[in-house]
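Start counting the sequence shown at 262; every next residue gets the next number (my numbering).
First comes the structure, then the notes that go with it.
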Amino acid sequence: MWPHSRRALRLLSLAVLVLIIAITFLLYPLYGGYYLASSVEPVAGGQVLHLTEDNFRAHPALHDLVVEKEKVRRPSPFLSSRIMWQDESVMDGWSAHVLTRLEDQALLRMTAPMVLEYEGSYVSIAVVRG
Numbered sequence: 262m263w264p265h266s267r268r269a270l271r272l273l274s275l276a277v278l279v280l281i282i283a284i285t286f287l288l289y290p291l292y293g294g295y296y297l298a299s300s301v302e303p304v305a306g307g308q309v310l311h312l313t314e315d316n317f318r319a320h321p322a323l324h325d326l327v328v329e330k331e332k333v334r335r336p337s338p339f340l341s342s343r344i345m346w347q348d349e350s351v352m353d354g355w356s357a358h359v360l361t362r363l364e365d366q367a368l369l370r371m372t373a374p375m376v377l378e379y380e381g382s383y384v385s386i387a388v389v390r391g
C-alpha cells in the first residue's frame, strides 16, 4: 500500500463516523422517548378534551396512558432502542403498545397542548425524551 492510501483510509473512516453522528443528532429529536400522563388540575378558560370510548378505540395507546397509567414508547429508528424494549414484561409500568410513526403524529396532534378529562380525572400528556 502506498503511504497516502493509509492516510486516505483514516480520513474516510473519520468522515463516515462524523456522518453517522450527525445523522443520529438530526433524527433523535424526531424519534424516541415515551409518553407520560400526569394528573393536573384544569385551568379556568383552558382547553379541556373530554375523552370518550371512541377516542380510546381510535388511539389504543391513549387507554394505556390515561386509564392504565402506563408509559407508552414512541417509535425509534435506532436498533439499540428496539432491542432494549423487546421484552416489555420486564418493565413494570410500561405499555406493551409501541406507537408507529403515524400513531405518534396523530396522538401529538390530538393531545398537545390540552388537558384531557376522563371520568372526572384530568391529565396532561407529555413527551419524555431519552
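Beta carbons are placed, not taken as given, at the ideal position from N, Cα and C, and that holds for glycine.
Keep in mind it's a predicted model, so treat the numbers as computed, not measured.
Can you name, in chain order, every residue of its own chain whose Cβ lies under 6 Å from the Cβ of residue i, other than the five neighbours on each side?
i    : result
Q219 : With the chain running from 262 to 391 in the structure shown, residue 219 is simply not present.
S385 : S299, V301, V376
E378 : V309, H311
Between residue i and the rest of its own chain, which residues show a CB-CB distance below 7 Å, the 5 nearest in sequence each way excluded?
i    : result
T361 : P336
D365 : R335, P336
R268 : none
Using the Cα positions of residue i and residue j, report the straight-line distance between them to the nearest angstrom.
i    : j    : result
R370 : A319 : 13 Å
S350 : H324 : In this prediction, S350 scores a pLDDT of 47, lower than 50, which makes its location untrustworthy; the coordinate-derived value is nonetheless stated afterwards. Cα to Cα, S350 sits roughly 18 Å from H324.
A387 : H358 : 17 Å
I284 : L275 : 14 Å
P303 : A373 : 14 Å
E380 : L273 : 60 Å
I281 : L270 : 17 Å
S266 : Y295 : 46 Å
S382 : D315 : 17 Å
L278 : T313 : 49 Å
Quick one, are the C-beta atoms of residue i and residue j less than 9 Å apart?
i    : j    : result
V333 : F317 : no
V389 : L297 : yes
E331 : G354 : yes
L363 : A322 : no
CB of residue i to nearest heavy atom of the ligand FMN: below 8 Å?
i    : result
Y383 : Questions concerning the ligand FMN fall outside what the structure shown contains, since it holds no ligand whatsoever.
Looking at the structure shown, is residue i part of a helix, part of a strand, or coil, going by DSSP?
i    : result
L297 : strand
E314 : helix
L278 : helix
A387 : strand
S382 : strand
V328 : coil
A269 : helix
A373 : coil
If you drop the 5 nearest sequence neighbours on each side, which residues of the same chain put their C-beta closer than 8 Å to that of residue i?
i    : result
S356 : A322, D325, L326, E329, E331, K332, V333, R334, E349
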